Every structure is written in structure tokens, then in C-alpha cells.
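Peer 1: The following block contains the structure, expressed as C-alpha cells.
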Amino acid sequence: LLYLLPAVALLVGVVAVPTGIAFVHAFTDWHPGGSSPWIGLTNFRTFIHFAQTPQLLRNTGYYLLGLPLWTAIPLLLAFVLHERVSERVASLFRSIFLFPAVLSPAIVGIMFVGFLKPDGIVNRTLEGLRLGFLRQRWIDDPNWVKPTIIIVLAWSGMGVGLLIFSSALAALPRERIEAAQTDGASWWQCAWHVMLPGIAPMVTLYACYLLVCVFLYMFGTVYTLTQGGPGYASSTMDYEIYVNGLEYGQFGIAAAQSVFLSIAAIIFIALAFLTARRITKRLT
Amino acid sequence: MNTQPTSRARLAILTLAALPFLYPFYFLLCTALRPQADYLQNPVGLPTHLTTTYLRTAWDEATIFQSSINSLIAVCTSVVVLLSVSALAAHWFLLHRSRAASILLAAICALWVLPYVIFVIPLFVELHRLGLINRLWVLGFVYAALNVPFAVGFLYAYMLRGVPPEILEAARIDGASDRQLFVSLVLPLARPALSAVAALSFVWSWGDLLVSLILVQTPQDYTITVSTATLVTQFDNHPQEVAAASLMSILPVLAVFLVAQRYIRRGMTAGVDR
């Protein structure tokens with residue numbers, strides 16, 4: 035048991051206890067260091083009546099639309115790189131696609147702010163290609179900012195997805211694929227009917243992981259790329275928690291929002307896992 | 005492996021797909037290294053002259069050197085702490101497979117999905133009370149704790165596949181203690197997974213913004229991500245300084261990752277090629 039102790043102690047000290055503190059203080063008018071009178075559900079009522087709260091929830095719903103895209107692109111590439119090209123080429127391209135994955139959301143955000151400005155590289159490149167009519171105010175236009183963030187995340191998340199899917203493909207038993215090929219299945223038939231079901235558990239698991247990210251880890255991207263703007267057009271709950279807690283000093287409200295976010299996230303994630311398990315069972 | 009020769013068409017498609025991934029780095033590099041006149045005239049093409057002005061400005065303004073050292077201190081502390089703590093824990097789970105143990109393991113892994121924003125504020129309050137704010141080693145311990153759920157789960161999964169139970173049993177019958185098992189059997193066998201965890205947690209902690217933004221607030225102790233982000237807000241209209249700073253802050257992770265990606269892949273496909 036001695037082996038387990040350090041890990042558990044670290045987790046309890048850094049994660050569990052502070053979370054508990056936050057949850058308790060969600061029901062108080064929290065002033066760290068001062069008195070924090072018990073005010074019941076007032077914090078919850080306050081933030082539910084914030085004008086931006088429905089917008090935040092809609093934003094999260096919108097970002098969820100990115101899930102199929104974020105899953106499908108790396109999946110497709112993993113298939114193409116799997117034994118369709120020579121191993122040397124495949125590993126070279128895998129490394130290239132992995133580049134963005136080493137960048138933190140914060141650095142990706144910082145880089146893309148420069149790229150996506152009205153006079154940034156994206157618009158200039160479009161002009162250079164005589165596609166000037168496509169130029170947009172990518173992150174300053176409330177209608178474009180969410181699709182833009184979805185694409186940026188597709189860019190930065192692709193390497194990890196590819197890595198996971200390639201490993202899963204490499205782990206498939208070769209006999210079944212070869213059997214299908216001897217039966218005269220074309221490569222795409224083989225991919226669709228044999229390889230895809232084979233790695234379905236990994237695919238659904240990855241989709242669940244993305245779901246978690248959409249709910250809980252948009253902060254880095256939102257903070258550096260748009261600061262939630264324009265207005266609240268790209269903001270999410272986890273970013274608002276940061277703003278309320280650390281910029282406005284509304285600790286009680288931030289804590290209440292944390293409770294709300296955790297409960298919502300747990301419900302959604304549990305649902306997703308159940309669905310995922312059912313899909314996986316049906317396929318295998 | 006029976007691989008087909010690569011057809012030109014496929015190569016072309018792949019190259020096209022790879023362009024959006026290479027281009028930003030190329031652009032960053034060019035922007036950081038070209039003189040301003042060159043940038044204003046033609047920001048997209050190849051630079052005509054090279055200059056190190058912006059690298060130097062960013063180096064001084066964002067205190068790249070000092071912040072890199074700070075990041076290194078915090079991140080290395082966290083990797084060392086993380087590896088020792090979670091290897092021990094994973095080993096314990098490998099030896100104890102009761103119902104209670106698996107519930108505990110699930111609980112630890114479930115903490116992975118707890119968002120930082122929820123506990124980082126009370127954590128700040130508590131650490132502040134204890135006078136542990138602005139200490140890089142504390143930041144390192146916090147990073148380590150944040151990665152424990154992932155590391156324990158990953159190492160345990162690897163050990164399950166990578167350490168055959170027969171060998172474990174045999175060694176036990178020969179009278180090896182738990183400690184001997186750990187040091188001379190499990191640890192060496194789990195080396196690929198340990199390197200993968202080390203590399204991944206290095207990259208994640210290096211890139212963290214939220215936690216270090218909150219727990220370290222004295223400028224001379226800023227980590228590299230924080231000072232780059234700060235520089236960006238100061239130099240809003242100086243794309244070249246920003247490019248230079250971004251470039252320098254990603255070089256260390258790129259290096260780590262290029263070296264480590266072999267191990268990461270090996271750690272993930274463990275037990276497959278046997």
C-alpha cells in the first residue's frame with residue numbers, strides 16, 4: 035500500500051481537496067481569506083440569469099459539431115498512411131502531421147491570432163491566389179469565429195488522432211485483412227468492412243475524449259485566440275469560470291459555474307460512453 | 005510488411021494535405037528572420053534578407069532565456085515526480101487485482117476529466133495561505149499531480165500487456181519481494197511506456213498556460229508560455245516579434261518530441277509486435 039500512497043496523496047492534495055472546496059463554496063458568497071456567508075443557491079440563480087449564459091451553452095453545442103470532422107480527418111489519413119504508401123513515406127508524413135500536436139493550445143492560439151487577423155497571412159494568401167473574394171474577418175466576425183475555431187482545433191488535434199488510429203491499425207491481426215483480400219475485396223471494401231470495425235473501440239474512445247475537451251478544455255484556445263469574443267460569440271463555460279473567478283473576483287459565482295459545468299459534463303460524458311459502448315458492441 | 009511502392013498520385017495528395025501543417029512553421033520562421041521592409045512588402049514569399057533583430061528583441065522582452073529555465077525547472081520536477089509516483093502506483097495495481105483496487109484505479113483515472121479551472125482557484129487560495137505561491141517546484145508538483153491519472157492508467161495498461169503474468173508469478177515463487185519485482189522486472193520492462201509518459205507530460209506541462217498563469221505571478225518566475233502570451237498582448241501590432249517569440253518557445257518541445265515520438269508510438273503499440 036506504501037507504493038500507492040504518494041500518488042494518492044498528490045491527487046488528493048492538488049485535485050480532490052480543492053475541488054471539494056470549490057463545490058462547497060459554490061453555495062457561499064465566497065471571499066477567499068475573508069468571511070464567506072452561506073447564501074444557498076443565489077450564485078446559481080445569478081449566473082443562470084446572466085445574459086450570456088444561453089450563448090455559452092449554444093457555443094458549446096456549436097463546437098460539438100466539430101466532432102465528426104475532428105474524428106474523420108485523422109481516421110481517413112490513418113487509412114491512407116496504413117500500407118498504402120511505403121513505410122518510410124508514411125513515417126515522414128506522420129511526423130509532419132504530428133508537429134502541431136506538440137504545440138500547446140495557448141501557443142497555437144498565439145500563432146493563429148497573427149494568421150487570422152484581417153491583414154494576416156490567411157487573407158493575404160487568399161489574395162495572392164486570386165481568391166480575394168474568400169477573405170473574411172475570421173476571428174472578428176461573430177458568424178465566422180466558431181467555424182474558424184473548429185478548423186484551428188482540427189489542425190492542432192489531427193496529429194494525436196492520427197497517432198492513435200495508426201497504432202490501432204497496426205495492432206489489427208493481419209490474418210483477417212489478408213483473408214478479406216484473398217476473397218477479392220478491394221482495398222476500400224477491406225478498410226470499411228474489416229479494418230474500421232476492428233478499430234471502432236479506439237475511434238469511439240477518441241470521440242469521447244474530444245467530447246471531454248469541448249466541455250472542459252477550451253480555455254487555452256479561447257483565451258489566446260479570441261478572449262471569448264467578439265462579444266461572447268466564441269466563449270465557453272470554462273473560459274467564463276476563469277474570467278469570473280480570476281479577473282472579476284466573483285469566486286462564488288465561478289464556483290457555482292464549476293459545479294454546473296461538472297454536472298453537465300458528467301451527464302454528457304456518461305451518455306457518450308454508453309452510446310459508444312453500444313456502437314462498439316454492435317460492430318464487433 | 006508487404007508495402008506497395010508509393011504511387012505518385014498518392015504522394016501528391018499527401019503532400020497537399022501536409023502543406024497546411026508545414027506552412028505555418030515556414031511562415032513563422034520567415035517572419036521572425038526578415039527585416040521589416042521586406043515583411044511589409046511581401047509577407048508571404050521567401051525573405052530577401054535575414055536579420056536577427058526580432059529574435060533579439062523577443063529574447064530580451066519576453067526574457068526567453070530566464071523563462072525557459074523557469075519552465076525547465078518546473079517541468080523537470082514534474083516529470084521526475086510524476087514518473088516515480090505513478091510507476092509505483094501502477095506497479096501496486098499490477099500486483100493487487102481485487103475489486104476495491106479496480107474501483108480505486110477507475111476513480112483515479114476518472115479524475116483526468118476534471119477541468120483545471122474548477123480546482124485551480126481554491127488551489128491558489130490554499131497555496132497562497134501556505135505561502136507556496138510563485139515557487140517553481142510547487143508548480144512542478146502541481147503539474148505532476150495533474151498528469152497522475154493519465155500516467156497511472158497508461159502505465160498500468162502497458163504493464164498488463166508488457167509484463168507477462170507467468171514471469172511475475174515465477175519470480176514471486178522464487179522468493180522475490182515486491183520491491184525486487186519492481187526494480188528488476190517491472191521497471192525495465194515498462195521502459196517504453198515510461199519514456200512515452202515522460203515525453204507527453206513534458207510537452208503538456210511545457211505548454212500549460214492556465215495553471216502557471218495563476219500559480220506564478222512574479223514576472224521573473226514566469227514560465228515560457230506565460231511570457232510569450234504576455235509579450236503578445238504587449239506587442240499587439242508587432243507580428244515579427246511575436247513570431248520570433250513563438251518560434252523560440254516551441255523549439256524545445258519540438259526537439260523533445262522529435263526524439264521521443266518513436267517511444268510514444270512504441271509505448272502505444274506495446275505487445276503487438278510480439
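Protein sequence lines, in the order shown, are assigned to chains G and A.
Per this note's numbering, the first sequence runs over residues 35 to 318.
Per this note's numbering, the second sequence runs over residues 5 to 278.
Beta carbons are placed, not taken as given, at the ideal position from N, Cα and C, and that holds for glycine.
The model shown is predicted, which means the values in this text are computed figures rather than measured ones.
Strictly under 8 angstroms for the Cβ-Cβ distance: is G/ALA56 near chain A by that measure?
Peer 2: Yes, G/ALA56 lies at the interface with chain A (some Cβ there is under 8 angstroms from its Cβ).
Peer 1: Measure the alpha-carbon distance for A/VAL276 versus G/TRP178 and round it to whole angstroms.
Peer 2: Low confidence applies here, because A/VAL276 scores a pLDDT of 41, under 50, leaving its location unreliable and the question unanswered by this model.
Peer 1: Assign G/GLN284 to buried or exposed, taking buried as 16 or more other Cβ atoms, counted over all protein chains shown, within 10 Å of its Cβ.
Peer 2: With 16 or more Cβ atoms within 10 Å of its Cβ, G/GLN284 is classed as buried.
Peer 1: Can you check whether the C-beta of G/PRO52 is within less than 8 angstroms of a C-beta belonging to chain A?
Peer 2: Taking Cβ atoms only, chain A reaches closer than 8 angstroms to G/PRO52, which makes this a yes.
Peer 1: Whose C-alpha, out of G/PHE78, G/VAL136 and G/CYS247, is nearest the C-alpha of A/ALA264?
Peer 2: Residue G/VAL136 is the option with its Cα nearest to A/ALA264.
Peer 1: Can you tell me the Cβ-Cβ gap for A/GLY144 and A/THR81, rounded? I've got them flagged as a contact below 8 angstroms.
Peer 2: Contact holds; Cβ gap of about 3 angstroms.
Peer 1: In three-state terms, what does DSSP make of A/THR55?
Peer 2: Coil, per DSSP.
Peer 1: What residue range does the alpha helix (DSSP H) around G/LYS180 cover?
Peer 2: G/LYS180 -> alpha helix (DSSP H) spans 179 to 204.
Peer 1: Quick check: is the beta carbon of G/SER268 nearer than 8 angstroms to any beta carbon in chain A?
Peer 2: So no, G/SER268 is outside the interface.
Peer 1: Kindly indicate if chain G contains any beta-carbon less than 8 angstroms away from that of A/GLN265.
Peer 2: Chain G, which has a Cβ nearer than 8 angstroms to the Cβ of A/GLN265, makes this yes.
Peer 1: With distance defined between alpha-carbon atoms, name the residue in A/ALA233, A/ALA161, A/ALA247 and A/VAL190 nearest to A/ARG30.
Peer 2: Here residue 30 of chain A is Tyr; the residue named in the question, Arg, does not match the sequence. With distances taken between Cα atoms, A/TYR30 lies closest to A/ALA247.
Peer 1: Can you pull out the residues from the region 147 to 164 of chain A whose beta carbon lies closer than 9 angstroms to at least one beta carbon of chain G?
Peer 2: Flagged, chain order: ALA148, ALA149, LEU150, VAL152, PRO153, ALA155 and VAL156.
Peer 1: Tell me whether the region 204 to 224 of chain A and the region 71 to 91 of chain A touch, counting them as touching only if at least three CB pairs, one residue from each stretch, are closer than 8 angstroms.
Peer 2: They touch, by the three-pair rule.
Peer 1: So which residues of chain A does G/TYR37 contact, with C-beta pairs closer than 7 angstroms?
Peer 2: By Cβ distance, chain A contributes LEU92, ALA93, HIS95 and TRP96.
Peer 1: Could you pull out every residue in the same chain whose Cβ sits closer than 7 angstroms to the Cβ of A/ALA175, ignoring the five residues on either side in sequence?
Peer 2: Cβ within range, chain order: LEU185 and LEU189.
Peer 1: Closest Cβ-Cβ distance between A/LEU258 and chain G: below 8 angstroms?
Peer 2: A/LEU258 counts as touching chain G.
Peer 1: Which ranges does the beta strand (DSSP E) cover as unbroken runs of at least 3 residues, wholly within the region 263 to 305 of chain G, from first to last along the chain?
Peer 2: With a minimum length of 3 residues, no continuous beta strand (DSSP E) run stays inside the region 263 to 305 of chain G.
Peer 1: Does any CB atom of chain A fall closer than 8 angstroms to the CB of G/TYR97?
Peer 2: False, the Cβ-Cβ gap to chain A never drops below 8 angstroms.
Peer 1: Quick one: is G/LEU44 buried, meaning 16 or more other Cβ sit within 10 Å of its Cβ, or exposed?
Peer 2: Looking at its Cβ environment, which holds 16 or more other Cβ atoms inside 10 Å, G/LEU44 is buried.
Peer 1: By alpha-carbon positions, which one of G/ILE313, G/ASP272 and G/ALA289 ends up nearest to A/VAL117?
Peer 2: Residue G/ASP272 is the option with its Cα nearest to A/VAL117.
Peer 1: For G/TRP72, list the residues DSSP reports as bridge partners.
Peer 2: Note: G/TRP72 sits in a beta bridge opposite G/THR62.
Peer 1: Since A/ASP182 is in the alpha helix (DSSP H), which residue starts that stretch and which ends it?
Peer 2: Element bounds for A/ASP182: 182 to 185.
Peer 1: When Cβ atoms are compared, which residues of the region 199 to 212 of chain A fall closer than 9 angstroms to chain G?
Peer 2: Residues VAL207, TRP208, TRP210, GLY211 and ASP212.
Peer 1: Excluding the 5 residues preceding and the 5 following A/PHE128 in the sequence, name in chain order all residues of the same chain whose CB lies nearer than 8 angstroms to its CB.
Peer 2: Excluding residues within five positions, the ones whose Cβ falls inside 8 angstroms are ILE137, ILE218 and LEU219.
Peer 1: Unbroken alpha helix (DSSP H) runs of length 4 or more, entirely within the region 191 to 255 of chain A: which are they?
Peer 2: Those alpha helix (DSSP H) runs which fall completely within the region 191 to 255 of chain A and span 4+ residues are 195 to 211, 214 to 219 and 228 to 238.
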